[in-house]
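Encoded as structure tokens, the structure appears first; notes follow it.
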Amino acid sequence: MSYFITFEGIEGCGKSTQCSLVAEHLRNQGREVVTSREPGGTEVTGEIRRLLADPDSELDQLAELFLFLADRAQHVASVIGPALARGAIVISDRYSDSTMAYQGYGRRSRDDLGWLRELNDRASSSTVPDLTLWIDCDIEVGLSRARKGAGGPGDRFEAEPLDFHRRIRDGFADLQATEPGRIIRIDGNAPLEAVTQACVDAIAARLPS
Numbered sequence: 007m008s009y010f011i012t013f014e015g016i017e018g019c020g021k022s023t024q025c026s027l028v029a030e031h032l033r034n035q036g037r038e039v040v041t042s043r044e045p046g047g048t049e050v051t052g053e054i055r056r057l058l059a060d061p062d063s064e065l066d067q068l069a070e071l072f073l074f075l076a077d078r079a080q081h082v083a084s085v086i087g088p089a090l091a092r093g094a095i096v097i098s099d100r101y102s103d104s105t106m107a108y109q110g111y112g113r114r115s116r117d118d119l120g121w122l123r124e125l126n127d128r129a130s131s132s133t134v135p136d137l138t139l140w141i142d143c144d145i146e147v148g149l150s151r152a153r154k155g156a157g158g159p160g161d162r163f164e165a166e167p168l169d170f171h172r173r174i175r176d177g178f179a180d181l182q183a184t185e186p187g188r189i190i191r192i193d194g195n196a197p198l199e200a201v202t203q204a205c206v207d208a209i210a211a212r213l214p215s
């Protein structure tokens with residue numbers, strides 16, 4: 007039976023690591039698992055990822071939003087949709103909640119959240135995750151991890167001021183409060199193994215047998 011899981015969180019929260027570890031756990035159970043990411047999760051959207059990450063690209067905020075939506079449309083059409091149709095478990099490192107948190111809250115477009123939801127719905131062909139694991143960690147810790155891994159300020163988003171990342175974290179918290187049945191908060195400040203176990207437990211409690 008198909009199942010769609012997304013991992014979300016601020017920069018450096020550890021979600022990418024958890025995607026890999028959880029996927030390995032599920033494959034060891036004999037399940038077909040397709041892992042992907044946004045942006046750049048398809049053969050044709052790598053350039054979108056490069057442009058969005060490039061600290062030298064002076065993207066207008068609306069252009070940034072539509073690039074993410076274009077990436078999502080292709081992602082659903084060529085990766086997520088086909089995998090779900092054949093009964094696989096799909097795990098995506100970021101999805102539509104990131105657009106709400108980053109472009110809605112981070113970019114101060116909270117008055118446009120209804121509009122963003124509609125755009126997300128259209129771009130994703132109404133494909134909604136069955137479960138979203140929000141890896142929530144201290145902002146300073148996450149940014150330190152991300153920037154250390156990049157050897158400096160990193161991409162466009164990592165280089166944003168602290169207040170930007172605080173708004174994003176607040177956005178994820180608001181989204182989780184609105185949809186507590188779908189979005190599960192995982193304590194990303196815990197040791198790696200404990201975070202993985204919390205993710206595995208959350209999935210096991212909800213994943214159809």
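In our numbering, the protein residues as written are 7 to 215. Glycine is no exception: its CB is placed at the ideal position from the N, C-alpha and C atoms. All of these numbers come straight from a predicted model, not from anything done at the bench.
If you compare the alpha carbons of D99, R212, A152 and D161 with that of R56, the shortest gap goes to D161. Of the other Cβ atoms in all chains shown, fewer than 16 fall within 10 Å of the Cβ of P214; this residue is therefore exposed.
In this structure, the straight-line span from the alpha carbon of T133 to that of L168 is close to 32 Å. By alpha-carbon distance to D103, the top candidate from A83, A91, D127 and R92 is D127.
Going by DSSP, R55 is part of the alpha helix (DSSP H) stretching over G52 to A59. Beta-bridge partners of Y9 (DSSP): I95. Burial state of R33 is exposed, judged by a 10 Å Cβ sphere holding fewer than 16 other Cβ atoms. The three-state secondary structure of L122, taken from DSSP, is helix. Of the candidates R123, S98 and R188, the residue whose Cα lies closest to the Cα of G110 is R123. The alpha carbon of D62 has as its nearest neighbour, out of D99, A165, S150 and I209, the alpha carbon of A165. Beta-bridge pairing by DSSP links V39 to I95. Burial is judged here by how many other beta carbons sit within 10 angstroms of a residue's own beta carbon; L73 has at least 16 and is buried. Under the DSSP assignment, T202 falls in the alpha helix (DSSP H) whose first and last residues are L198 to A210. In this structure the stretch 129-146 touches the stretch 78-91; the number of beta carbon pairs closer than 8 Å is three or more. Judged by DSSP in its simplified three-state form, R113 adopts coil rather than helix or strand. The beta carbons of W140 and R191 sit about 5 Å from each other, so the pair counts as a contact at 8 Å. Proximity to L71 across P197, A208, E38 and G112 peaks at G112, based on C-alpha coordinates.
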